[in-house]
Amino acid sequence: MASTTAMSGSQGGRVGKQLERRQIEQSKAPVRYSPEQPKAEYPTRIVRPDPRLKMNDADVSKQIQQMVRFIRQEAEEKANEISVSAEEEFNIEKLQLVEAEKKKIRQEYERKEKQVQIRKKIEYSMQLNASRIKVLQAQDDLVNSMKEDASKELLHVSHHHHSYEHLLKDLIVQGLLRLKEPSVLLRCRKADVHHVGSVLHSAKEEYAEKANVHPPEIIVDDVHLPPAPSHHNAHGLFCSGGVVLASRDGKIVFENTLDARLDVVFRKKLPEIRKSLFGQVAA
Numbered sequence: 085m086a087s088t089t090a091m092s093g094s095q096g097g098r099v100g101k102q103l104e105r106r107q108i109e110q111s112k113a114p115v116r117y118s119p120e121q122p123k124a125e126y127p128t129r130i131v132r133p134d135p136r137l138k139m140n141d142a143d144v145s146k147q148i149q150q151m152v153r154f155i156r157q158e159a160e161e162k163a164n165e166i167s168v169s170a171e172e173e174f175n176i177e178k179l180q181l182v183e184a185e186k187k188k189i190r191q192e193y194e195r196k197e198k199q200v201q202i203r204k205k206i207e208y209s210m211q212l213n214a215s216r217i218k219v220l221q222a223q224d225d226l227v228n229s230m231k232e233d234a235s236k237e238l239l240h241v242s243h244h245h246h247s248y249e250h251l252l253k254d255l256i257v258q259g260l261l262r263l264k265e266p267s268v269l270l271r272c273r274k275a276d277v278h279h280v281g282s283v284l285h286s287a288k289e290e291y292a293e294k295a296n297v298h299p300p301e302i303i304v305d306d307v308h309l310p311p312a313p314s315h316h317n318a319h320g321l322f323c324s325g326g327v328v329l330a331s332r333d334g335k336i337v338f339e340n341t342l343d344a345r346l347d348v349v350f351r352k353k354l355p356e357i358r359k360s361l362f363g364q365v366a367a
């Protein structure tokens, strides 16, 4: 009885396992539905999850954290790229602005420097010209003072009567040779009328001999040249001596006074005078 019970128990266990295997196989087998059967009467399929695909909460959390870290890392890298790119663009633009401002400053500095240089050149040129004018004015003053001294010396020429009469004859002959007129009007100072009369005949003969012509007619004019300068007439017209000859019609005039001769000689000898006084540069 006991053995029979044991066999029954073992057989019952085998039968239970076979039933369980069959149910599993049936659950894996495809379910066929008949179109004539109502949908509610379709047999229910039992799906059991694969125990190997089952994930616990820790794995899910770990995977989520990995995804979060990946997304965050990618976002940080992108943000870093944007920041670096923005920094580069900012630096480039800043550099361009700085260079542009530097260029403006350099141009403004160069413009002002040119203005300063031009102003300096103008000031230097003005000062140089002013200095040259002062030097030339001083030179002219000295030359004119020399001429004034020479004019004062001419006043003493007429004091020596014999030599002055000989000089008057030479001046008359020179004037006649210039005019080459048969009739001449002579004008002299009132103080020299007597001296002119003393040499007039000899002057006509000398001219006739040199020009190979007849002696000319010389008429002494009643209108006289200005007198020598004096303290009473320091700024008026004056004449230091000599004569003025003219044709009878007055169209040709030859001034051969001592003052006129001084002017001619002074103009002719002025370069030599300046060179002697002021050197090669002044000449």
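First residue of the sequence shown: 85, per our numbering; consecutive thereafter. The C-beta atom is built at its ideal place from N, Cα and C for all residues, glycine as well.
Pair within 7 Å by beta-carbon distance, residue i and residue j
i    : j    : result
V327 : L263 : no
R332 : S267 : yes
S324 : L239 : yes
V277 : E249 : no
P311 : R345 : no
Q223 : F362 : yes
H279 : L252 : yes
Bounding residues of the alpha helix (DSSP H) (the contiguous stretch that carries residue i)
i    : result
F350 : 342-362
Range covered by the beta strand (DSSP E) that runs through residue i
i    : result
G320 : From DSSP, G320 is part of no beta strand (DSSP E); its letter is neither H nor E.
V307 : Per DSSP, V307 belongs to no beta strand (DSSP E) and is neither H nor E.
Distance between residue j and residue i (C-alpha atoms, nearest Å)
i    : j    : result
R358 : S235 : 18 Å
A330 : V337 : 4 Å
N213 : E197 : 24 Å
H298 : D254 : 18 Å
L179 : K186 : 10 Å
H243 : V219 : 38 Å
E57  : K335 : This structure cannot speak to residue 57, because the chain is shown only from 85 to 367.
Q221 : D233 : 18 Å
P300 : E293 : 11 Å
M151 : I166 : 22 Å
I217 : S360 : 20 Å
K353 : V227 : 11 Å
I176 : E207 : 45 Å
D343 : L321 : 12 Å
P355 : E289 : 38 Å
E192 : Q199 : 10 Å
R190 : Q201 : 16 Å
Q147 : R156 : 14 Å
E237 : L309 : 19 Å
E449 : F154 : Past the boundaries of the shown model lies residue 449; the chain is included only from 85 to 367, so the question cannot be answered.
R195 : M210 : 22 Å
F174 : N140 : 50 Å
A142 : Q149 : 10 Å
Pick from the options that is closest to residue i, judged by C-alpha positions
i    : options          : result
I303 : N340, I256, S360 : I256
Q258 : V227, H245, A295 : A295
D347 : Q150, M230, S215 : M230
E339 : L260, I202, E356 : L260
T341 : V241, E171, Y291 : V241
CB contact check: residue i to chain B, cutoff 7 Å
i    : result
L346 : Of the chains in the structure shown, none is chain B; there is only one protein chain.
Contact test: residue i Cβ vs the ligand SAM heavy atom, cutoff 6 Å
i    : result
E290 : This structure simply doesn't include the ligand SAM, nor any ligand for that matter.
- Which runs of the alpha helix (DSSP H), 4 residues or longer, sit entirely within the segment 239-282? Listed in chain order, they are 245-263.
- Task: Kindly provide the ranges of any beta strand (DSSP E) runs that are 3 or more residues long and lie completely inside the segment 196-242, ordered along the chain.
- Result: Within the segment 196-242, no complete beta strand (DSSP E) run reaches 3 residues.
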